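Colleague: Using UniProt numbering, you'd call the opening residue of the sequence shown number 1 and step up by one each time.
My structure is below; once you've seen it, I'll send some questions.
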Amino acid sequence: MGQIIHGSYQSQQIQEFCEQNSIDINIFQNQIKFLSQMKYQYVGILGNGLFGQQIQAYSENYQSVAIKIIYSKNSGLETALKQSTKYKQIKNTQHLAQIHEIVYNPSLNTYYIVQELADCSLKEILESCKLTDKQIYETTLQLLEGLAELENLGLIHGDIKTENILYNRPKNKFMFTDFGLAQVLMKSNKPASSNSKQLQRTQIYGAPELEKEQDTSRFQNKMDTYALGMVLSEIIIGKGFELEESIDIKNNNDIQDYIPFDSHHKFYIEKIILNMVKVSKKERQETSELINTLKKNFEFNEQDLMAIYIKEISKLLQNQQKISKDYQMYYQKYFSQRNLQKISANESRTQIGDGQLYGIIDAIKLCKNIQELELQFYVNLITDSGLFAITSLVNDHSKSLEILTINFEENQIRDRGILQLFQSINKCLLLRKLSLSFTKNRITDDGFRGLIPLANSSQIQLQELKLHFSENQITGNGLIDVLKALQQQKKLTSLSLYLADICINDQDFYGITEVLTNFKQLHELKLCFQRNDLSSDGFKGLAEIFKDNILLQSLEFYFQQNKIDDQGLISVVDKLQFCQKLQLVELFFSENRITDHGLIGTADSLRKCKQLKDIYIDFSENKIQEKQRIQQIFDGNFKGKMNFYSIDF
């Protein structure tokens with residue numbers, strides 16, 4: 001089997017989940033590996049049910065999905081599941097969770113139901129807030145319409161309860177999930193969970209005749225009517241029934257004792273719930289009649305339902321791997337009201353992980369045709385799984401993006417995540433400016449070389465490129481391969497390379513400079529190679545870049561903490577006089593091996609650059625003896641003639 005790598009948070013989550021639910025962690029990890037082979041990238045755990053686990057994942061086309069994992073040795077279960085759910089026929093429904101596919105893994109005796117991912121369940125909403133009257137009416141109408149859709153398809157749910165009713169925020173819809181599963185799984189499986197609370201939850205909503213007959217083959221739609229009536233009662237009460245209360249309701253055929261009787265709900269109680277929660281199934285009203293009764297007596301506005309999320313529901317799921325609602329609601333509230341073409345999101349140093357990131361990105365997806373996108377998420381807890389959300393977002397806007405800035409410095413990104421991102425960026429044919437910052441991650445040459453197809457593309461014509469990949473596991477060979485490909489970008493006028501602390505030596509750097517000599521079209525060049533293993537032998541190769549470069553206007557060197565001496569410094573700076581349009585020079589060479597002689601030579605060389613307007617230098621912590629004299633030389637050459645900034649000698 002292929003290898004799948006999880007971030008530290010995910011690994012800890014899996015271990016704790018398996019321990020709490022008495023699940024074999026090796027089997028569960030094998031399930032995740034199999035799904036990875038099926039192009040479903042694991043994100044996190046959604047829950048543990050009667051017949052298996054449910055996880056969140058990203059599909060091959062970067063769509064968020066929920067996957068129900070069901071253990072069974074019944075080889076015919078796949079056909080039964082497909083027939084019972086009619087998953088190919090529900091695509092045009094509004095209130096049934098879409099099932100994308102059902103997969104069987106014979107080696108693990110496991111079925112996987114891949115379906116639409118929602119934001120939360122009705123159970124979680126009721127535990128978080130009290131619905132207003134208008135919200136109750138709108139929710140009731142949607143649930144009755146969902147029940148009608150089940151009946152029209154000839155489906156019997158068999159396990160309606162608040163946790164099997166999901167809410168989809170972008171669609172503003174409640175929808176049933178797990179429909180048809182109970183009647184199939186009860187026949188062929190023993191529950192995978194021994195959790196008595198889960199079993200009791202199912203029993204609370206069960207119709208009286210189901211308990212008496214003890215025959216799961218005799219599910220009928222009037223059982224669903226009863227169960228939904230119990231759900232609607234809970235919505236009014238604002239809390240769930242206890243098992244003893246549900247038994248009392250069935251024995252006495254009376255639910256009114258449990259529901260507050262007032263003018264607001266009088267009609268609601270008498271005409272809706274009372275006609276659903278009847279001990280005799282023959283007395284339960286038809287769903288179509290219930291819907292007509294409701295519509296005749298109430299006005300409906302879906303926007304009333306939206307207020308649930310805007311006001312209260314941000315409290316949900318703060319400690320789970322599902323979407324973090326506080327982040328999602330903040331961004332959704334903003335983006336849903338604007339048709340923005342320029343987006344900037346900054347949640348740096350906030351300790352957010354993959355879950356919160358999904359919420360933010362899903363909210364940004366509300367915007368259409370983004371042209372300029374800036375995502376700043378440095379110093380957080382984001383892994384490859386979180387980066388897949390960015391990949392999905394870029395993919396969605398590939399036909400409109402012109403400027404893209406992504407900063408994920410100091411996270412937990414590996415090759416797998418960065419390669420997926422590069423593939424999506426390669427589809428952005430209008431892209432002009434690209435800035436990628438992934439300093440202090442876990443990227444190797446294999447991941448970095450993912451830039452090569454993008455660089456080689458004749459359809460993409462980059463004008464500006466910034467690559468921040470310091471403190472990764474990238475070598476000189478990887479960088480050279482990418483630079484060779486970038487030679488194809490003939491319109492590239494601005495190039496910035498940030499590659500500190502990657503163990504570049506003289507031989508590596510000489511090869512890098514050989515390739516850079518071919519970038520004659522550059523107007524701006526920034527090279528940041530701090531804390532490498534460079535001496536003057538390698539650094540001198542830069543001199544060749546400037547011999548024939550007549551277009552260069554801005555040059556920035558950051559070579560702190562290397563082994564560069566006077567000879568290497570002067571040999572390069574002296575060639576800058578050939579850059580006839582050079583206006584800005586920044587030289588940062590602290591903690592090298594430069595003496596007074598090197599600085600005097602630098603001052604003389606820079607004086608020959610006739611178009612210079614701005615000079616920034618830092619030669620602190622070198623071998624400078626006469627600092628005052630050096631300062632006078634630089635002041636005499638440049639002060640009053642241009643903007644001269646000296647940090648220290």
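The beta carbon of each residue, even a glycine, is placed where N, CA and C say it ideally should be.
Just so it is clear, the structure is predicted and the values come from calculations on it, not from any experiment.
1) So, do the segment 546-557 and the segment 584-600 have three or more beta carbon pairs nearer to each other than 8 Å?
2) For F298, does the three-state DSSP call read helix, strand or coil?
3) Can you tell me whether DSSP reads H6 as helix, strand or coil?
4) Roughly how many angstroms separate the alpha carbons of F388 and F408, rounded to a whole number?
5) If we ignore side chains and look at the alpha-carbon of each, how far apart do K466 and N426 end up?
6) Measuring only the C-alpha atoms, how far is D24 from I136?
7) Cβ atoms of D384 and K365: under 8 Å apart, would you say?
8) If you draw a straight line from the alpha carbon of T475 to that of F619, how long is it in whole angstroms?
9) Taking buried to mean at least 16 other C-beta atoms within 10 Å of its own C-beta, is Q412 buried or exposed?
10) Where does Q560 land, buried or exposed, given buried means 16+ other C-beta within 10 angstroms?
11) Which word fits I323, buried or exposed, when buried means at least 16 other C-beta atoms lie within 10 angstroms of its C-beta?
12) Need the endpoints of the alpha helix (DSSP H) that K33 sits in, please.
13) Exposed or buried, what is G146 when buried is set at 16 or more other beta-carbons lying within 10 Å of its beta-carbon?
14) Quick one: what does DSSP say S398 is sitting in, helix, strand or coil?
15) Specify whether the segment 99-110 and the segment 156-176 touch according to this definition: at least 3 beta carbon pairs, one from each stretch, less than 8 Å apart.
16) Thinking C-beta only, is I443 closer than 8 Å to Q473?
17) Counting Cβ pairs, one atom from each stretch, are 3 or more of them under 8 Å apart for the segment 484-502 and the segment 440-458?
18) Using a Cβ-Cβ cutoff of less than 6 Å, which residues in the same chain neighbour residue 650 once the five nearest sequence positions on both sides are dropped?
19) Excluding the 5 residues flanking E241 on each side, which residues of the same chain have their C-beta closer than 6 Å to its C-beta?
20) With a threshold of 8 Å on Cβ separation, who are the neighbours of L534 within its own chain once the five nearest residues in sequence on each side are excluded?
21) Relative to the C-alpha of K608, which residue among F638, Q41, I291 is closest?
22) Is any heavy atom in the ligand MN found nearer than 7 Å to the beta carbon of I633?
23) Would you mind stating whether G598 and D566 have Cβ atoms separated by less than 8 Å?
24) Just list the residues that DSSP pairs R442 with in beta bridges.
25) By Cβ distance, which residues of its chain are closer than 7 Å to K581, with the 5 residues on each side in sequence left out?
26) Considering only the beta carbon of each residue, do I125 and Q115 sit closer than 8 Å?
27) I believe T225 touches T287 by the beta-carbon criterion, under 8 Å. Please report the beta-carbon distance rounded to the nearest angstrom.
28) Could you check if Q15 is buried or exposed, using at least 16 other CB atoms within 10 Å of its CB as the buried criterion?
29) Could you check whether G353 and I390 sit closer than 8 Å to each other, using their CB atoms as the reference points?
30) In terms of alpha-carbon separation, which member of K91, M175, Q142, I102 lies closest to C120?
31) Where DSSP assigns a beta bridge to S437, which residues make up the other side?
32) Kindly identify the DSSP beta-bridge partner or partners of M223.
33) Which residues in the same chain have their Cβ closer than 7 Å to the Cβ of K623, if we skip the five residues on either side of it in sequence?
34) With a 10 Å radius around its C-beta and 16 neighbouring C-beta atoms as the bar for buried, classify Q356 as buried or exposed.
35) Determine the direct distance from the alpha carbon of Y58 to that of A97, and round the result to whole angstroms.
36) D533 bridges to which residues according to DSSP?
Modeller: Result, derived from the coordinates:
1) Three or more Cβ pairs drawn from the segment 546-557 and the segment 584-600 lie within less than 8 Å of each other, which places the two stretches in contact.
2) As a working mapping, residue 298 is identified with position 298 in the sequence shown. Of the three classes helix, strand and coil, the one that applies to F298 here is coil, per DSSP.
3) By one-based count along the sequence shown, residue 6 stands at place 6. Model confidence at H6 stands at a pLDDT of 40, short of 50, so the residue's coordinates are unreliable and nothing is read from them.
4) By one-based count along the sequence shown, residue 388 stands at place 388. By one-based count along the sequence shown, residue 408 stands at place 408. Whole-angstrom Cα-Cα distance: 13 Å.
5) One-based indexing of the sequence shown puts residue 466 at position 466. One-based indexing of the sequence shown puts residue 426 at position 426. Going by the C-alpha atoms only, they are around 16 Å apart.
6) As a working mapping, residue 24 is identified with position 24 in the sequence shown. As a working mapping, residue 136 is identified with position 136 in the sequence shown. Per the coordinates, the alpha-carbon of D24 lies some 42 Å from the alpha-carbon of I136.
7) The sequence position of residue 365 within the sequence shown is 365, counting from 1. The sequence position of residue 384 within the sequence shown is 384, counting from 1. Cβ atoms of K365 and D384: not closer than 8 Å.
8) Counting from 1 along the sequence shown, the entry for residue 475 is found at position 475. Counting from 1 along the sequence shown, the entry for residue 619 is found at position 619. Their Cα atoms are separated by approximately 27 Å.
9) Position 412 of the sequence shown holds residue 412. Q412 is buried by the Cβ-count criterion.
10) For the purposes of this step, residue 560 is taken as the residue at position 560 of the sequence shown. The residue in question, Q560, is buried, as its Cβ has 16 or more Cβ neighbours within 10 Å.
11) Taking the sequence shown and counting its residues from 1, one reaches residue 323 at position 323. Because I323 sits at a pLDDT of 38, beneath the cut-off of 50, its placement in the model cannot be relied upon, and the point is left open.
12) For the purposes of this step, residue 33 is taken as the residue at position 33 of the sequence shown. Its alpha helix (DSSP H) spans residues 25-37.
13) As a first step, residue 146 is located in the sequence shown; it is residue number 146 there, counting from the start. Buried, because 16 or more other Cβ atoms sit within 10 Å of the Cβ of G146.
14) Looking up residue 398 in the sequence shown gives position 398. It is coil, neither helix nor strand.
15) The count of Cβ pairs closer than 8 Å, one atom from the segment 99-110 and one from the segment 156-176, stays below three, leaving the stretches out of contact.
16) To locate residue 473, count along the sequence shown from 1; it is residue 473. To locate residue 443, count along the sequence shown from 1; it is residue 443. Closer than 8 Å, so yes.
17) Contact holds: three or more Cβ-Cβ distances are below 8 Å.
18) The structure shown does not extend to residue 650, since the chain is modelled only from 1 through 649, so no value can be given for it.
19) Locating residue 241 in the sequence shown gives position 241, where the first residue counts as 1. Inspection of the sequence shows that residue 241 is occupied by Phe rather than by Glu. If the five residues before and after F241 are omitted, its C-beta is found closer than 6 Å to the C-beta atoms of I204, all from its own chain and listed in chain order.
20) Locating residue 534 in the sequence shown gives position 534, where the first residue counts as 1. Once the five neighbours on either side are set aside, the close Cβ partners of L534 are I504, N505, D506, F509, F559, N562, K563, I564.
21) The residue given as residue 608 occupies position 608 in the sequence shown. Among F638, Q41, I291, the Cα nearest to that of K608 belongs to F638.
22) By its list of ligands, the structure shown contains no ligand whatsoever, and the ligand MN lies outside what it can speak to.
23) Locating residue 598 in the sequence shown gives position 598, where the first residue counts as 1. Locating residue 566 in the sequence shown gives position 566, where the first residue counts as 1. The Cβ-Cβ distance between G598 and D566 falls below 8 Å.
24) Reading the sequence shown from its first residue, position 442 is the one you call residue 442. According to DSSP, R442 bridges with R414.
25) As a working note, residue 581 is residue 581 in the sequence shown. Hits under 7 Å: I550, L551, L552, Q553, Q611.
26) One-based indexing of the sequence shown puts residue 125 at position 125. One-based indexing of the sequence shown puts residue 115 at position 115. Annotated as distal: I125 and Q115, with beta-carbon spacing of 8 Å or more.
27) Stepping through the sequence shown from its first residue, residue 225 is reached at position 225. Stepping through the sequence shown from its first residue, residue 287 is reached at position 287. Indeed, because the Cβ distance is near 7 Å, the residues count as touching under 8 Å.
28) Reading the sequence shown from its first residue, position 15 is the one you call residue 15. Exposed.
29) Counting from 1 along the sequence shown, the entry for residue 390 is found at position 390. Counting from 1 along the sequence shown, the entry for residue 353 is found at position 353. No, these two residues do not count as a Cβ contact at 8 Å.
30) For the purposes of this step, residue 120 is taken as the residue at position 120 of the sequence shown. Restricting attention to K91, M175, Q142, I102, the CA atom closest to the CA of C120 is found in M175.
31) Taking the sequence shown and counting its residues from 1, the one referred to as residue 437 is at position 437. Partner(s): N407, H468.
32) As a first step, residue 223 must be located in the sequence shown, where it is residue number 223. In DSSP, M223 forms no bridge with anything.
33) For the purposes of this step, residue 623 is taken as the residue at position 623 of the sequence shown. Excluding sequence neighbours, K623 sits near R593, I594, T595.
34) Indexing the sequence shown from 1 puts residue 356 at position 356. With 16 or more other Cβ atoms within 10 Å, it is buried.
35) One-based indexing of the sequence shown puts residue 97 at position 97. One-based indexing of the sequence shown puts residue 58 at position 58. Approximately 17 Å, taken between the alpha carbons.
36) To locate residue 533, count along the sequence shown from 1; it is residue 533. When DSSP reads this structure, D533 sits in a beta bridge with N505.
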